[in-house]
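Residue numbering for the sequence shown is 3 to 367, as defined by my numbering. No residue lacks a Cβ here, since even glycine has one placed at the ideal position from N, Cα and C.
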Amino acid sequence: MPAPGPSHQTPLAAELKRLIKLNGPISVADYMSACLSDPKHGYYARKDPLGPSGDFITAPEISQIFGELIGVWCVGVWESMGSPSSFVLAELGPGRGTLMADAIRASRIRPAFLESATIAMVEINEDLRRAQAASLRGYTSPTWVDHISDLPPGPLIVIANEFFDALPIRQFVKTEDGWAERMVGFDDTGALSFGLRRLPDAAEDRTDAGIGAVREDCASAKTIVKQLAERIAADGGAALIVDYGYRQPGFGDTLQALRQHQYDDPLAHPGEADLTAHVDFASLSAVASDNGAVVGPILDQATFLSRMEIEARAAMLAKSAGEDTRGAIATAVRRLTAPEEMGSQFKAMAFASHGVSLPAFDGVT
Ligand code: SAH
């Protein structure tokens, strides 16, 4: 008997191996989907991964300023839409609901904004839905949907932070024989392992990629952006996407696993580690403009936040804070904006219907 590999440890690993034995290796996208959304063992189906006791911390959990500035951004968009008396304010993958709560609090500068908004949360995790309800208690009672196609009708302002990086990617590797798809199977020790499947239509390769180059493709991100762009172009509105990501396609292998705040082998703990891939912003930007939306430039998170005047907001908070809190505010701002922290690894992208201006994105119309 071969020694059990590390991925024997989780129930999902056993399930995946059974399937691979039956049907052959699966794509990285199918592996990622199973790890994140398997109804029984998937990471986002099972537990609350966020915060100090979870596996990672996101920008809204670092500082209330992040969500507040996004709230101010939404108010600016709404005003430039002509302040419609009825619209949908939606968030994709709202986590604990912290961003939306902070955004709503900041939006109180324009009471008519909230009075006109139907708040909708796109969320598949039941525990997180409960956490979101708790965060928003006292502000609003949102509706929840599983998919953007189920959002209520009308003009739409949609925000998404660290949502697109959780969507499954396929990976392609350039070999001596052309492009091949990276697959997940298992090796002769019984551990899950990566392999390659030659692509039947790999003959024509117009890229100048060298042997070993990796490309990624996130079909579901493109589908979601297409649907959002079509809806926004037809009904009016805007979208703001903030995530780990890159501007130029062909960036390389970005699949990564995080478990208890540590990087993990993506194959080691299926269903028990967070799996992400960086977002290909150039592709999403092209999809949005091909489907009728007006797209702003892709900004570093630091640029977006500084144009939304993060320093002024931090100074205002610091004024009414004690010494300790002042230090914490400064640390949080640094984490969000310093290039070696989240400032340049994270990007912000926005698109809108014609005539709507996008605060911080050069007021594109
Ligand atoms: N935006 C939050 C949480 C990011 S974690 C923050 O910034 O803190 C990713 C979120 O997306 C979680 O709420 C997760 O449950 C949700 N999610 C992941 N895949 C999803 C899918 N396919 N459909 C809807 N929500 C999803």
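Does the beta-carbon of A221 have 16 or more other beta-carbons within 10 angstroms, so that it is buried, or is it exposed? Here A221 is exposed: its Cβ has fewer than 16 other Cβ atoms, across all protein chains shown, within 10 Å.
I'd like to know whether the C-beta atoms of P157 and T120 end up nearer to each other than 7 Å. No; because the gap between Cβ atoms is not below 7 Å, this pair is not in contact.
Nearer than 6 Å: is that true of the beta carbon of A168 relative to any heavy atom of the ligand SAH? For the ligand SAH, a non-hydrogen atom lies closer than 6 Å to the CB of A168.
From P113, A135 and C76, pick the residue whose C-alpha is nearest to that of P96; which is it? Checking every option, the nearest Cα to that of P96 belongs to A135.
Quick check on G247: buried or exposed, where buried means 16 or more other Cβ atoms within 10 Å of its Cβ? The residue in question, G247, is buried, as its Cβ has 16 or more Cβ neighbours within 10 Å.
Any non-hydrogen atom of the ligand SAH within 6 Å of T2 CB: With the chain covering only 3 through 367, there is no way to say anything about residue 2.
Output needed for L91: all residues of its chain with C-beta closer than 6 Å, excluding positions within five of it in sequence on either side, in chain order. Closer than 6 Å at Cβ, skipping near neighbours: A119, I121 and I159.
Count Cβ pairs between the segment 303-319 and the segment 329-344 that sit closer than 8 Å; are there 3 or more? The segment 303-319, when compared against the segment 329-344, does touch it at the 8 Å Cβ threshold.
With three or more beta-carbon pairs closer than 8 Å as the criterion, would you say the segment 94-113 touches the segment 67-79? With three or more CB-CB distances shorter than 8 Å, the segment 94-113 counts as touching the segment 67-79.
First and last residue of the alpha helix (DSSP H) that includes N25? P13 to N25 is the span of the alpha helix (DSSP H), which, as asked, contains N25.
For V175, which beta-bridge partners are listed by DSSP? Residue pairing by DSSP places V175 opposite A182 and V216 in a beta bridge.
Whole angstroms is fine: what's the gap from R184's alpha carbon to N25's? Cα to Cα, R184 sits roughly 16 Å from N25.
Complete runs of the beta strand (DSSP E) confined to the segment 63-143 [at least 3 residues]: Taking only runs of at least 3 residues, the beta strand (DSSP E) segments lying wholly in the segment 63-143 are 89-94 and 119-124.
Judging by CA-CA distance, which residue of L18, E93, G180 and A103 is the nearest neighbour of A211? Residue G180 is the option with its Cα nearest to A211.
At what residues does the beta strand (DSSP E) containing D189 begin and finish? Counting along the chain, D189 falls outside any beta strand (DSSP E), and DSSP gives it neither H nor E.
Best match in S35, S39, Q229 and L277 for proximity to E128 [C-alpha to C-alpha]: Closest option to E128, Cα to Cα, is S39.
For L130, is the beta carbon positioned less than 6 Å from some heavy atom of the ligand COA? This structure lacks the ligand COA; its bound ligands are the ligand SAH.
What's the C-alpha gap between P268 and S82? Cα to Cα, the separation comes out at about 44 Å.
Would you kindly work out how many angstroms separate the C-alpha atoms of D57 and F165, rounded to a whole number? The straight-line gap from Cα to Cα measures roughly 15 Å.
Is the beta carbon of E218 sitting closer than 7 Å to the one on Q258? The criterion of a C-beta distance shorter than 7 Å is not satisfied by E218 and Q258.
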